[in-house]
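Engineer: The listed protein sequences correspond, in order, to chains A and B.
The numbering of the first sequence is our numbering, which starts it at 36 and goes up by one.
The numbering of the second sequence is our numbering, which starts it at 133 and goes up by one.
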Amino acid sequence: MPSCLFCDVQQGNSPVVGGPVYEDDHVYAYHWDEEGSGYLGHLVLITRRHAPDFAALTPAEAQAVGLLIARLSSALKVCIGVEKVYTVFYGEVTPHLHVHLTARYREAPPEYLRWRAEDWPDAPRGDADAIAALCQRLREFLAENPQ
Amino acid sequence: MQDTTAECPICAKQQGEVLGGPIYQDELVYAHHVFNKEGPTFLGYVRAETRRHVASFAELTPHEAQAVGLLIARLSKAIKACTGADHVYAFFYGDHVPHLHVHVFARYPGTPEEYWRERVDEWSQSPKGGAEEVAALAQRLREYQAKSVVVVD
Chain A
36 MPSCLFCDVQ QGNSPVVGGP VYEDDHVYAY HWDEEGSGYL GHLVLITRRH APDFAALTPA
96 EAQAVGLLIA RLSSALKVCI GVEKVYTVFY GEVTPHLHVH LTARYREAPP EYLRWRAEDW
156 PDAPRGDADA IAALCQRLRE FLAENPQ
Chain B
133 MQDTTAECPI CAKQQGEVLG GPIYQDELVY AHHVFNKEGP TFLGYVRAET RRHVASFAEL
193 TPHEAQAVGL LIARLSKAIK ACTGADHVYA FFYGDHVPHL HVHVFARYPG TPEEYWRERV
253 DEWSQSPKGG AEEVAALAQR LREYQAKSVV VVD
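#1: Which first and last residues belong to the beta strand (DSSP E) in which A:I81 is found?
#2: Alpha helix (DSSP H) containing A:F176: first to last residue?
#3: Check whether the segment 112-122 of chain A and the segment 183-190 of chain B are in contact - that is, three or more C-beta pairs closer than 8 Å.
#4: Count the other CB atoms within 10 Å of the CB of B:H233; is the residue buried (16 or more) or exposed (fewer)?
#5: Is B:P141 helix, strand or coil by DSSP?
#6: Spell out a yes or no on whether the segment 92-105 of chain A and the segment 37-52 of chain A are touching, meaning 3 or more CB-CB pairs, one atom from each, closer than 8 Å.
#7: Would the segment 124-144 of chain A and the segment 218-232 of chain B be scored as touching if the rule is three or more Cβ pairs under 8 Å?
#8: In the DSSP assignment, what are the bridge partners of B:K279?
#9: What is the rounded straight-line gap between the Cα of B:E265 and the Cα of B:P172?
#10: May I ask you to list the residues that DSSP assigns as paired with B:K260?
#11: Taking C-beta pairs closer than 9 Å, name the residues in chain B that A:V44 reaches, listed in chain order.
#12: How about B:I142: is its C-beta nearer than 9 Å to some C-beta of chain A?
#13: If you compare alpha carbons, which of B:A263, B:F237, B:G261, B:G262 is closest to B:V252?
#14: How many angstroms separate the CA atom of B:P244 from the CA atom of B:E250?
#15: Going by C-alpha to C-alpha distance, which of B:F224, B:Y247, B:W255, B:R206 sits closest to B:K279?
#16: From A:R174 to A:T82, what distance separates their C-alpha atoms?
#17: Looking at the C-beta of B:E191, does it have a partner C-beta in chain A at a distance below 9 Å?
#18: Between the Cα of A:H77 and those of A:H135, A:P156, A:P181, spot the shortest distance and give me the residue it belongs to.
#19: Report the option in B:L273, B:A263, B:R274 whose CA atom is closest to the CA atom of B:E170.
#20: For B:R184, which of B:H165, B:A138, B:K209, B:Y225 has the nearest alpha-carbon?
#21: In the DSSP assignment, what are the bridge partners of A:E58?
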């Protein structure tokens, strides 16, 4: 099988800044900074198994994805005080299920809605240390709020 | 948090009639095919919603969150099986109506890349229909759901 970015991430072959925010038997989440924008509050949720999309999930995997979207959304709202968390599945490039969760800050102007949230020039951004610190806060929140 | 509100169009719709009828419903979640009253409707665009009037994923109970995840997966599978779509998107924004609804919609083979994502319905060759076609597709999706009932631990 050709190399898959999301399989590589989980196997440690493609290290991610801040390490995993969450992992269990079905799902895995980490902070996304693929483009190096440093935008704080963009997580990606992936399945453990190399399954291309929602249609290919087992019922248990689908439930685990739904539950983790909710927990990560809650964690982002509490830990960085954002207004909302956009949640999208595109699945156009890498055929391994990955859901993007992008925080929208209260102060963001209306022209930076949805997929433009990250383009807001004044959005909170940080370096690897700042992303790692946020990941640590998210991990602590999830541990303190088990399901 | 109230279970329903008088002002919410999603609460009202779930308690009333929707063209083609619900594709799926149980005590936690609800799904239906979107119908455009103003003109032709893009075929293969459904919404997955919670029964309870909650704004976003962050406010869901664990059971609701699991049910929404399972519903997105089942709708994606049904859309692929019933429409010939080769890809199914799932988007949650929550910018307008504060009642959780996930847009689950088809992308058809041959859709040019400039029409991917939110613009799939703008492609002139994308399948569209009127009330009759939407109701017929809703029926096929409902039947597919019914015969693919899943048992979860």
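Cβ atoms here follow ideal geometry from the backbone N, Cα and C, with glycine treated the same way.
Structural biologist: So, to answer that:
#1: Position 46 of the first sequence, counted from the first residue, corresponds to residue 81 of chain A. Bounds of the beta strand (DSSP E) holding A:I81 are 77-82.
#2: Residue numbering aside, residue 176 of chain A sits at position 141 when the first sequence is read from its first letter. Element bounds for A:F176: 163-179.
#3: Between the segment 112-122 of chain A and the segment 183-190 of chain B, the count of Cβ pairs shorter than 8 Å is three or higher; the stretches touch.
#4: Position 101 of the second sequence holds residue 233 of chain B. Under the 10 Å beta carbon count, B:H233 is surrounded by 16 or more other beta carbons and is classified as buried.
#5: As a first step, residue 141 of chain B must be located in the second sequence, where it is residue number 9. In the structure shown, the three-state DSSP call for B:P141 is helix.
#6: Verdict: no, contact absent.
#7: Short answer: they touch.
#8: The residue given as residue 279 of chain B occupies position 147 in the second sequence. B:K279 is not bridged by DSSP to any residue.
#9: What you label residue 265 of chain B is simply residue 133 of the second sequence in a count that begins at 1. What you label residue 172 of chain B is simply residue 40 of the second sequence in a count that begins at 1. The straight-line gap from Cα to Cα measures roughly 10 Å.
#10: Position 128 of the second sequence, counted from the start, is the residue given in the question as residue 260 of chain B. According to DSSP, B:K260 bridges with B:F174.
#11: The residue given as residue 44 of chain A occupies position 9 in the first sequence. The premise fails here: A:V44 is roughly 21 Å from chain B at the closest Cβ pair, so nothing lies under 9 Å.
#12: The count along the second sequence starts at 1 and reaches residue 142 of chain B at position 10. Not an interface residue.
#13: Along the second sequence, read from residue 1 onward, the residue named residue 252 of chain B stands at position 120. Measuring from the Cα of B:V252, the nearest candidate turns out to be B:F237.
#14: Residue mapping note: residue 244 of chain B aligns to position 112 of the second sequence, counting from 1. Residue mapping note: residue 250 of chain B aligns to position 118 of the second sequence, counting from 1. As the crow flies, the alpha-carbon of B:P244 is around 13 Å from that of B:E250.
#15: Looking up residue 279 of chain B in the second sequence gives position 147. Taking only the C-alpha atoms, the option nearest B:K279 is B:R206.
#16: Locating residue 174 of chain A in the first sequence gives position 139, where the first residue counts as 1. Locating residue 82 of chain A in the first sequence gives position 47, where the first residue counts as 1. Taking the straight line from one Cα to the other gives about 18 Å.
#17: Here residue 191 of chain B corresponds to residue number 59 of the second sequence, with the count starting at 1. Interface residue, yes.
#18: For the purposes of this step, residue 77 of chain A is taken as residue 42 along the first sequence, with counting starting at 1. Nearest in C-alpha terms to A:H77, of all of A:H135, A:P156, A:P181, is A:H135.
#19: Taking the second sequence and counting its residues from 1, one reaches residue 170 of chain B at position 38. Nearest to B:E170 by C-alpha distance, out of B:L273, B:A263, B:R274, is B:A263.
#20: As a first step, residue 184 of chain B is located in the second sequence; it is residue number 52 there, counting from the start. Checking every option, the nearest Cα to that of B:R184 belongs to B:A138.
#21: On the first sequence, residue 58 of chain A is found 23 positions in, with the first residue counted as 1. A:E58 pairs with A:Y63.
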